[in-house]
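Enquirer: The opening position of the sequence shown corresponds to residue 2 in my numbering, with each subsequent residue numbered one higher.
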Amino acid sequence: MRIERITLTHVRVPLVEPFRISSGAVGEKDGIVVAVEADGITGYGESSPMSGSFYSTDTPESCWRELCETLAPAVLGQERASISEWNCLLAGLPAGNFTRTGLETALWDLEARRQGIPLYRLLGGTRAAIESGLAVGLYDTVDDTLRAAERYMAEGYKRLKLKIEPGRDVDLIRAARRAFGPVPMFVDANGAYRLEHLDVFRQLDEFELMMYEQPLAGPMLEESAELQARVRTPVCLDESLESVELLERAASLGSLRIANIKIQRVGGLENALRVHNACAARGIPCWMGTMPELGIGSAQAVALGTLGNCRFPTDVESCRRWFVDDIIQPLLEVSDGIIEIPEDCGLGWQPDLEKIRKYQVASASFEAAKS
Ligand SMILES: [Mg+2]
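See below:
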């Protein structure tokens, strides 16, 4: 397929409430919708950095610049036979992983639509429905946190994940266990702890949590291995896993027993698939995380979540959990803790062009010279 046109739309959708974790807070969700056209078919991707370097060094501004100045010009008018060949081209270009993901995931959607099959099948998934879990950010008090968790858990989510930071941890989880009983539960520290906090995790061991997600900072793989050796609960890595090479290294060191895969962080669906497969080969179960992305990015995570080694509920939640609105139709819904994937070709959900226009803050279009 020869890429004839690329359209970029920077959208900004207000959040229902500010999202707060150990590294900061945001009130709006930025995303860049990447539409790639070839042979009269359009594929859609999403580049989904949070504003203000929230989880990453990639920002909406850096992704926009790299898409406009580097990736779109390099891909326009080009022809490749497979996603892997497109990835070879993309890998040689100076751009961040969030930027790359926008274009790479659009190419996957384009390919699925060209073949007339759902994206999840193109990726090798077999289940048309997956389980969803609730994630609750940091609040000022234990009571506020529990109230937020209670409100959403009533919708039937399959497990509860609570964000923690030093000083808001053991008491919070003790109270949550008391309030929610034996529901599957775990904590996500977003790298806020150091090995000196070992005692916190020793105490948390008492609460039968499914995992400790990213207790230590991303680069601290040796320290994470030491922590894992000294606690009973499995350590799950998220921020650490920027590539399949880092996953391999972490696995060799014993730094994790569970992996949280983020499509944006690893630079697209093919890399995410490689991380999934490397985990499977090493007996490390994984699950699909979110940034969270808008609807297009969320639908991609759901598609990958249908793969065999994704053994825990995804972080993808009902779109209304985070956003006042979204850019796909129908809106992504979790019903009794389950997300059902439409059998339509491509993503399954359709981009809502009217909503994309409504929330647009910038747009740019690039057309190839006629061949
Ligand atoms: Mg996380």
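A virtual CB, placed ideally from N, CA and C, is assigned to each residue, including glycine. Given the structure is predicted, the values throughout are model-derived calculations rather than measurements.
Once the 5 residues before and after Gln-1 are set aside, which same chain residues still bring their CB inside 6 Å of it?
Expert: Examination of residue 1 is not possible in this model, given that the chain is present from 2 through 372 alone.
Enquirer: Less than 8 Å separating the Cβ of Ala-200 from some heavy atom of ligand 1?
Expert: Working through the sequence shown from its first residue, we reach residue 200 at position 199. It is Asp, not Ala, that sits at residue 200 in the sequence shown. Every heavy atom of ligand 1 is 8 Å or more from the Cβ of Asp-200, so no.
Enquirer: Is Asp-239 near ligand 1, with its Cβ less than 8 Å from a heavy atom?
Expert: Translated into the one-based positions of the sequence shown, residue 239 becomes position 238. Asp-239: yes, Cβ under 8 Å from ligand 1.
Enquirer: Taking Cβ to Cβ, would you say Gln-97 is nearer than 9 Å to Thr-58?
Expert: Counting from 1 along the sequence shown, the entry for residue 97 is found at position 96. Counting from 1 along the sequence shown, the entry for residue 58 is found at position 57. What sits at residue 97 in the sequence shown is Gly, not Gln. Yes, the Cβ-Cβ distance between Gly-97 and Thr-58 is below 9 Å.
Enquirer: Please name the residue, chosen from Arg-275, Asp-145 and Ile-262, that lies closest to Gly-290 on a Cα-to-Cα basis.
Expert: The residue you call residue 290 lines up with position 289 of the sequence shown. The shortest Cα separation from Gly-290 among Arg-275, Asp-145 and Ile-262 belongs to Ile-262.
Enquirer: Roughly how far, in whole angstroms, is the beta-carbon of Ile-264 from the beta-carbon of Val-34, given that I think they are within contact range, below 8 Å?
Expert: Position 263 of the sequence shown, counting from 1, holds the residue named residue 264. Position 33 of the sequence shown, counting from 1, holds the residue named residue 34. Wrong, their Cβ atoms sit about 15 Å apart, outside the cutoff.
Enquirer: The alpha helix (DSSP H) that contains Cys-280, what's its start and end?
Expert: If you number the sequence shown from 1, residue 280 lands on position 279. Where Cys-280 is concerned, the enclosing alpha helix (DSSP H) stretches over 270-282.
Enquirer: Since Ala-273 contacts Gly-255 with CB under 8 Å, what's their CB separation in whole angstroms?
Expert: Looking up residue 273 in the sequence shown gives position 272. Looking up residue 255 in the sequence shown gives position 254. Not confirmed; about 23 Å, so no contact.
Enquirer: DSSP on Ala-155, reduced to helix/strand/coil?
Expert: As a working mapping, residue 155 is identified with position 154 in the sequence shown. Of the three classes helix, strand and coil, the one that applies to Ala-155 here is coil, per DSSP.
Enquirer: Considering only their Cβ atoms, is the gap separating Leu-270 from Leu-124 smaller than 9 Å?
Expert: The residue labelled residue 124 in the question sits at position 123 within the sequence shown. The residue labelled residue 270 in the question sits at position 269 within the sequence shown. Yes, they are a contact pair.
Enquirer: Quick one: grab the DSSP three-state call for Gln-330.
Expert: Indexing the sequence shown from 1 puts residue 330 at position 329. If DSSP states are grouped into helix, strand and coil, Gln-330 belongs with the strands.
Enquirer: Would you say the beta carbon of Gln-265 comes nearer than 8 Å to a heavy atom of ligand 1?
Expert: By 1-based counting over the sequence shown, the position of residue 265 is 264. False, no ligand heavy atom lies under 8 Å from that Cβ.
Enquirer: Bridge partners for Ile-7 per DSSP, in chain order?
Expert: One-based indexing of the sequence shown puts residue 7 at position 6. Per DSSP, Val-37 and Phe-367.
Enquirer: How many Å lie between Ala-150 and Asp-326 at the Cα?
Expert: The residue labelled residue 150 in the question sits at position 149 within the sequence shown. The residue labelled residue 326 in the question sits at position 325 within the sequence shown. Using only the alpha carbons, I get a separation of about 21 Å.
Enquirer: Under the criterion of a Cβ to heavy atom distance below 8 Å, does Gly-168 qualify as lining ligand 1?
Expert: Here residue 168 corresponds to residue number 167 of the sequence shown, with the count starting at 1. Incorrect: Gly-168 has no Cβ contact closer than 8 Å to ligand 1.
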